[in-house]
DNA sequence: CTAGGGTTAG
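Numbering (UniProt numbering), first residue to last: 1 to 698.
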């Protein structure tokens, strides 16, 4: 038998039988009294008739217990080879480490052989540090068995903090503490609490012993005792023992009821046994027991988590007349949503006659958002708001964000305003909407929203940054200034990124003096401007064609220890193209290639076309060869420009060759380019080539 | 001394 006992050794079988005859009689009161006085223990002594799971140290033989407590106790005679841990904290740490194991027998052995003398302080501290409630309770119960130890109010308070939510927990402690008293009578209800309690502690073997004990002492456990026991066993994955208990139930004629079956279904699902759970469900129906909302709650939860959503729905729909409560409804809907069936959940919700609550809406809205069905999600939000339900607006965050992303700015704003009047939008959500509006390219709406909700909400530094960034990107410097001032007045220091955004804004607005001022201030104040800031400046200057100033900024960038990026070079190259000075661009391109940067094909095309524009199609032609060697494939317009340019330079053969290349790669030359080649070839009197070419051109 | 079982929010 797999009895797991909370003492040192198993109570001998013979003693149990003896004890069972005398159950809780007052037979050994004299002996007990003797022991009490002799040991000067603080509590009543164990009586020999007491069962093995009773909460004290009954497992050491009685006559020797006093003697051994003087001889063997770790307190009075620590073994020489066991290291001494002197401080309390060290001992607590050791205990915590010891009890963090699933196998209680091993934990118990470790505890027994440690030389720590348990005090209430140990118990309190260990319970406070242990994060698994089960382990804390085991340890608490075990400590109560130790010689010379008794739980004080602090220990009881500590364990109650962990387990107080169970409504029978107080009763459990009471029974544990009083069970050994001579005149304490155990009732069926008390046994039930005891079985439950050992279940909480994850010690179902002890619970089994208790049930056995009940039977041996002539009690008749009812279906509630069995349900609790089965629950405890299943929670510890002891399926075989559970089976044998079920068998025993049958033998003694105790019938399973709804709760028993619900427990069995729950346990099987949580243990991963879909089919077994469904079997119990079928058996239940066969025995004429009607499942209730609880049953469906565990069935929905379990099956959905095992990926058997369909089976869960089918089981329910086969018995359409069962009324679900809100918990069951929410469980089903959340199960469906979590496992990718949000649409089904929505359909079910619409078809169901059950009462949804705020959470139902929240779950469904979240689920629909996950599958990007924002339309229905929005409808549900409106519906919930119309019903006056207040649900956590957090679930709207995804919805609002998506609306912003899709450019449905007005809808997002409307929703935020209507949620505002419910007065429960977290600051984070407002932040998100303002920021994402701004980032998604509608900084003006973000600004308006900011202006409206500013009075109620605390925006974060990040939001200010996003808002400023957006406004600057749109070149709305006046608004930027207002937001910036508000930000400073709220005590946010402008970060490098904020200054970068402002600088970018100045550049976009063509106000380069302002941009330089920001940069110089940053450097003067000892700040370290980053790559983005220089890139903004260089990009802005280049785009405006201020190439010498852009080069100056590049120099400053390198002085500040920032390495130019591909974006830096590309900005400059395009800038040089804009002012028709390809030489500057070529130098930078060389540097790019030397540093293994890959410019985009657009920039290269632009450069080749610029070379043609300044009558240097030959150089463009050379560049084309270079970039082709690097795997670039310029488009037809680049070929057209080059062909025309080469013709103007009388390099008809090269132009001809390029044109053929373009045709060969299924590209379509424009008329100007092909005419130029045709005319050039005619001038050279190459009629054959001309006719071939015309044929190819169609 | 009318008990026993349950879900959800990044």
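All C-beta atoms in this analysis are idealised placements derived from N, C-alpha and C, irrespective of residue type, glycine included. Predicted model, so just to flag it, every value in this text is computed and none were measured.
Nearest candidate by alpha-carbon position, reference residue i, set the options
{"i": "residue 628", "options": "601, 640, 157", "result": "601"}
{"i": "residue 102", "options": "187, 202, 150", "result": "202"}
{"i": "residue 704", "options": "196, 305, 87", "result": "A query on residue 704 cannot be resolved here, the shown segment of the chain reaching from 1 to 698 and no further."}
{"i": "residue 615", "options": "485, 647, 587, 588", "result": "647"}
{"i": "residue 271", "options": "305, 295, 245", "result": "305"}
{"i": "residue 110", "options": "95, 418, 119", "result": "95"}
{"i": "residue 596", "options": "282, 316, 564", "result": "564"}
{"i": "residue 222", "options": "242, 434, 206, 257", "result": "257"}
{"i": "residue 113", "options": "127, 395, 146, 335", "result": "146"}
{"i": "residue 170", "options": "481, 180, 158", "result": "158"}
Range covered by the alpha helix (DSSP H) that runs through residue i
{"i": "residue 239", "result": "239–252"}
{"i": "residue 579", "result": "From DSSP, residue 579 is part of no alpha helix (DSSP H); its letter is neither H nor E."}
{"i": "residue 172", "result": "169–178"}
{"i": "residue 296", "result": "293–305"}
{"i": "residue 528", "result": "Element bounds for residue 528: n/a, residue is neither H nor E."}
{"i": "residue 152", "result": "Unbroken run through residue 152: none, as it is neither H nor E."}
{"i": "residue 346", "result": "342–351"}
{"i": "residue 606", "result": "601–613"}
{"i": "residue 638", "result": "636–648"}
{"i": "residue 216", "result": "204–216"}
{"i": "residue 489", "result": "477–489"}
{"i": "residue 674", "result": "671–683"}
{"i": "residue 272", "result": "Here residue 272 belongs to no alpha helix (DSSP H), and DSSP marks it neither H nor E."}
{"i": "residue 656", "result": "652–664"}
Per-residue burial, residue i [other beta carbons within 10 Å of its own, 16 or more giving buried]
{"i": "residue 188", "result": "exposed"}
{"i": "residue 583", "result": "exposed"}
{"i": "residue 680", "result": "buried"}
{"i": "residue 571", "result": "buried"}
{"i": "residue 696", "result": "exposed"}
{"i": "residue 30", "result": "Summary for residue 30: the model assigns pLDDT 29, below 50, so the residue's position carries little reliability; its value from the coordinates is reported in the next sentence. Exposed, since its Cβ has fewer than 16 Cβ neighbours within 10 Å."}
{"i": "residue 98", "result": "buried"}
{"i": "residue 561", "result": "exposed"}
{"i": "residue 487", "result": "buried"}
{"i": "residue 587", "result": "exposed"}
{"i": "residue 252", "result": "exposed"}
{"i": "residue 149", "result": "buried"}
{"i": "residue 259", "result": "buried"}
{"i": "residue 633", "result": "exposed"}
{"i": "residue 208", "result": "buried"}
{"i": "residue 350", "result": "exposed"}
{"i": "residue 331", "result": "buried"}
{"i": "residue 165", "result": "exposed"}
{"i": "residue 238", "result": "buried"}
{"i": "residue 417", "result": "exposed"}
Secondary structure of residue i, DSSP reduced to three states
{"i": "residue 696", "result": "helix"}
{"i": "residue 100", "result": "coil"}
{"i": "residue 317", "result": "helix"}
{"i": "residue 395", "result": "helix"}
{"i": "residue 283", "result": "helix"}
{"i": "residue 68", "result": "Confidence at residue 68 is low in this model, with a pLDDT of 37, below 50, so the placement of that residue should be treated as unreliable; the coordinate-derived value is given next. Helix."}
{"i": "residue 133", "result": "helix"}
{"i": "residue 507", "result": "helix"}
{"i": "residue 448", "result": "helix"}
{"i": "residue 557", "result": "helix"}
{"i": "residue 62", "result": "Reliability of the predicted coordinates at residue 62 is poor, the pLDDT of 28 falling under 50, and no value is obtained from them."}
{"i": "residue 373", "result": "coil"}
{"i": "residue 413", "result": "helix"}
{"i": "residue 261", "result": "helix"}
{"i": "residue 45", "result": "In this prediction, residue 45 scores a pLDDT of 32, lower than 50, which makes its location untrustworthy; no coordinate-derived value is stated."}
{"i": "residue 183", "result": "coil"}
{"i": "residue 324", "result": "coil"}
{"i": "residue 290", "result": "coil"}
{"i": "residue 146", "result": "coil"}
{"i": "residue 222", "result": "coil"}
{"i": "residue 544", "result": "coil"}
{"i": "residue 428", "result": "helix"}
{"i": "residue 121", "result": "helix"}
{"i": "residue 201", "result": "coil"}
{"i": "residue 517", "result": "helix"}
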